[in-house]
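Written out below as structure tokens is the structure these notes cover.
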Amino acid sequence: QTVVTQEPSLTVSPGGTVTLTCASSTGAVTSGYYPNWFQQKPGQAPRALIYSTSNKHSWTPARFSGSLLGGKAALTLSGVQPEDEAEYYCLLYYGGAQLDVVFGGGTKLTVL
Amino acid sequence: QITLKESGPTLVKPTQTLTLTCTFSGFSLSTSGVGVGWIRQPPGKALEWLALIYWDDDKRYSPSLKSRLTITKDTSKNQVVLTMTNMDPVDTATYYCAHRPIVVGAAFDIWGQGTMVTVSS
Chain A
57 QTVVTQEPSL
67 TVSPGGTVTL
77 TCASSTGAVT
87 SGYYPNWFQQ
97 KPGQAPRALI
107 YSTSNKHSWT
117 PARFSGSLLG
127 GKAALTLSGV
137 QPEDEAEYYC
147 LLYYGGAQLD
157 VVFGGGTKLT
167 VL
Chain B
323 QITLKESGPT
333 LVKPTQTLTL
343 TCTFSGFSLS
353 TSGVGVGWIR
363 QPPGKALEWL
373 ALIYWDDDKR
383 YSPSLKSRLT
393 ITKDTSKNQV
403 VLTMTNMDPV
413 DTATYYCAHR
423 PIVVGAAFDI
433 WGQGTMVTVS
443 S
């Protein structure tokens, strides 16, 4: 069974920069896994941030960016705001962009 | 504006079958490339993808739950229905439906508010 791994928790200071990563048990994450990133705040539904590695939705703040880094998908927040404190989930496609997807375990980001 | 809303029972007994309905607006499930998926989240735990149905009636299921899931669509009613058999207390979770857009590589861009389902006798 495919496992997608994220850091359980990270802490960042307001105004700082932080990078969250997303690894696959099958090996290096490439653009063919079409990494997606989601933000979820307590009591709310997830909100999509990034798709296909680095593409932003129209509502995604400019301080969020996606990339591939060292065989993993990465989400970087630059100039972190207090409202960025949330759980972040990555999602990877397996077998192509219209096949199965797997969510990562989530990263709890604390802004302190 | 795309919206989705989940509906169904809030409480089911162990071994029963769960039927959830996702009613959506702002898009058509007959448009090429579009899909609707179901995702769940047990309390305090991570998101778990369950199933996805595409405009052409292609259906994808989580390998670990495939034997228990069925996803169908009613394009005329703008609804997608998920059934899960043999419910167990570990299936207690918030169940979300979400829009899968046409854009290649975009998973679920718009989500419903979710519906909490508790499995208990």
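Quick note, the sequences are listed as chains A and B, same order. Under this note's numbering, the letters of the first sequence match residues 57 to 168, in that order. Under this note's numbering, the letters of the second sequence match residues 323 to 443, in that order. Glycine included, each C-beta is placed from N, C-alpha and C at the ideal position.
- For the C-beta of V425(B), the chain A residues within less than 9 Å are, from N- to C-terminus, Y107, S108 and N111.
- From the listed residues F430(B), T437(B), P365(B) and T407(B), the smallest Cα separation to K335(B) is found for T407(B).
- The beta carbon of W371(B) sits closer than 8 Å to some beta carbon of chain A.
- Between the segment 68-77 of chain A and the segment 126-137 of chain A there are three or more C-beta pairs closer than 8 Å, enough to call the two in contact.
- Boundaries of the beta strand (DSSP E) around Q96(A): N92 to Q96.
- Taking the beta carbon of V157(A) as reference, the chain B residues within 7 Å of it are W371 and A429, listed in sequence order.
- In this structure, the beta-carbon distance from V439(B) to G330(B) falls below 8 Å.
- Only residues of its own chain outside the window of five on either side were considered, and among them T58, V60 and L148 have a CB closer than 6 Å to the CB of V158(A), listed in chain order.
- In the structure shown, the three-state DSSP call for T75(A) is strand.
- As a beta-bridge residue in DSSP terms, W371(B) pairs with I361(B).
- The way I'd put it, the segment 94-101 of chain A doesn't touch the segment 75-83 of chain A; fewer than three beta-carbon pairs between them come closer than 8 Å.
- Between K327(B) and V426(B), the alpha-carbon positions lie close to 24 Å from each other.
- For the C-beta of A104(A), the chain B residues within less than 7 Å are, from N- to C-terminus, F430 and D431.
- Rounded to the nearest angstrom, the gap between the Cα atoms of I393(B) and T405(B) is 7 Å.
- Close partners of Q435(B) in chain A (Cβ separation under 7 Å): A101.
- By the 16-neighbour rule on beta-carbons within 10 angstroms, P102(A) is buried.
- The alpha carbon of G366(B) has as its nearest neighbour, out of S114(A), G151(A), P64(A) and L131(A), the alpha carbon of P64(A).
- Counting only the Cα atoms, P91(A) lies some 6 Å from Y107(A).
- Residues Q62 of the same chain have their beta carbon placed closer than 6 Å to that of G161(A), with the five preceding and five following residues left out of the count.
- Judged by beta-carbon spacing, T67(A) lies beyond the 8 Å limit of L133(A), meaning their Cβ atoms are not closer than that value.
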